[in-house]
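Numbering that gives the first Met the number 0 numbers the first residue of the sequence shown as 0 and each following residue consecutively. Some notes on the structure that comes next.
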Amino acid sequence: MGSQASDRASRSWWDSDADEYHRTHGEFLGVGSEKGEFVWCPEGLHEGDVHLLGDVAGKDVLEVGCGSAPCARWLGTQGARAVGLDISAGMLGKGVDAMAAAGDSVPLVQASAEFLPFADASFDIACSAFGAVPFVADSARVMREVARVLRPGGVWVFAVNHPMRWIFPDDPGPIGLTASIPYFDRTPYVEFDADGTPTYVEHHRTIGDRVREIVAAGLEVRDIVEPDWPEWLDREWGQWSPLRGQLFPGTAIFSARKPLT
0 MGSQASDRAS RSWWDSDADE YHRTHGEFLG VGSEKGEFVW CPEGLHEGDV HLLGDVAGKD
60 VLEVGCGSAP CARWLGTQGA RAVGLDISAG MLGKGVDAMA AAGDSVPLVQ ASAEFLPFAD
120 ASFDIACSAF GAVPFVADSA RVMREVARVL RPGGVWVFAV NHPMRWIFPD DPGPIGLTAS
180 IPYFDRTPYV EFDADGTPTY VEHHRTIGDR VREIVAAGLE VRDIVEPDWP EWLDREWGQW
240 SPLRGQLFPG TAIFSARKPL T
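Spelled out as structure tokens, the structure:
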């Protein structure tokens, strides 16, 4: 699955799934709240609590794979000059609707994360909460593009499925506790329609792959955060569940910085 086929499948999937996705997850993500929310992952980790991006006030911030942009909207309430980018017009449309209802405004751009339509050194911070990175064929190019648009000293933080989750079936129950898929098999997960056209694509990279892609882009790895499953959360989200979350991590958040020189 190359970049064009992956992008085409993701655009179609998220356009068609936008309504259902927001019915299921919109409240948890704070899409309908007055100024949005910044939830990093199904474990409920909130940027207002963990400050992985640092002080965003007065900073130019790019959210890559923003969906309906609740994170970018929340960043705006913290004083950031935020921009949201996503490949899906359907998801961006949900963001436009939410902003119209709330009376706020964040610039939204439709584009692939592999080809960011911004000038070099345009942003102080880039972030992604399960957006774009797991769904593109060439995530190494995404890292290079982010490094290009960041200013020296800029921060890049992105959350993805924890790579070890790849070895388990996509099931939140007991079936999902038995390892059955090789960790080192990078063959993407692909769903097809009746005509054989790819409709959903997800790409796997190991922890080492992610680190090498970040470093090869000229960035420095600062941290890899593996959120615990909180005791208060009894919600299931796809393969995420209290059962699995108590045993192994579901999310990996990579934090990197562009060197000053």
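Backbone N, C-alpha and C fix where the C-beta goes; we use that ideal spot for every residue, glycine too.
So, helix, strand or coil for residue i, using DSSP?
i: Q109; result: strand
i: C70; result: helix
i: S80; result: The sequence shown places Arg at residue 80, not Ser. Here R80 sits in strand by DSSP.
i: Y182; result: coil
i: F247; result: coil
i: T205; result: coil
i: H24; result: helix
i: A100; result: helix
Count the other CB atoms within 10 Å of the CB of residue i; is the residue buried (16 or more) or exposed (fewer)?
i: W248; result: Reading the sequence as shown, one finds Pro at residue 248 and not Trp. Its Cβ being crowded by 16 or more others within 10 Å, P248 is buried.
i: D48; result: exposed
i: S104; result: exposed
i: A158; result: buried
i: R22; result: exposed
In terms of alpha-carbon separation, which member of the options lies closest to residue i?
i: G31; options: V95, F253 and T186; result: V95
i: Y4; options: G89, P187, H21 and A71; result: One point to set straight first is that residue 4 is Ala, not Tyr, in the sequence displayed. When each option's Cα is compared against that of A4, the closest is P187.
i: M90; options: R10, V82 and F157; result: R10
i: V262; options: E26, V145, N160 and L176; result: The requested residue 262 is not part of the displayed model; the chain covers only 0 to 260.
i: P133; options: K257, I252 and T260; result: I252
i: G175; options: R143, Q245 and I206; result: Q245
The beta strand (DSSP E) with residue i in it runs from where to where?
i: G152; result: L149 to N160
i: V224; result: E219 to V224
i: D123; result: F122 to A128
i: I119; result: The residue asked about is misnamed: residue 119 is Asp in this sequence, not Ile. Where D119 is concerned, there is no enclosing beta strand (DSSP E), given that its DSSP letter is neither H nor E.
Taking residue i as part of the alpha helix (DSSP H), name the residues at either end of that continuous run.
i: E46; result: E46 to V49
Requested in this report: Inspect the CB distances between the stretch 108-122 and the stretch 167-180 and report whether three or more fall short of 8 Å.
Outcome: Output reads no: the stretch 167-180 does not touch the stretch 108-122.
Requested in this report: Count the CB pairs spanning the stretch 217-236 and the stretch 40-58 that are closer than 8 Å, and state whether there are at least three.
Outcome: Contact between the stretch 217-236 and the stretch 40-58 is present, because at least three Cβ pairs lie under 8 Å.
Query raised in the report: Are the stretch 111-130 and the stretch 56-72 touching, with three or more C-beta to C-beta distances below 8 Å?
Result: yes
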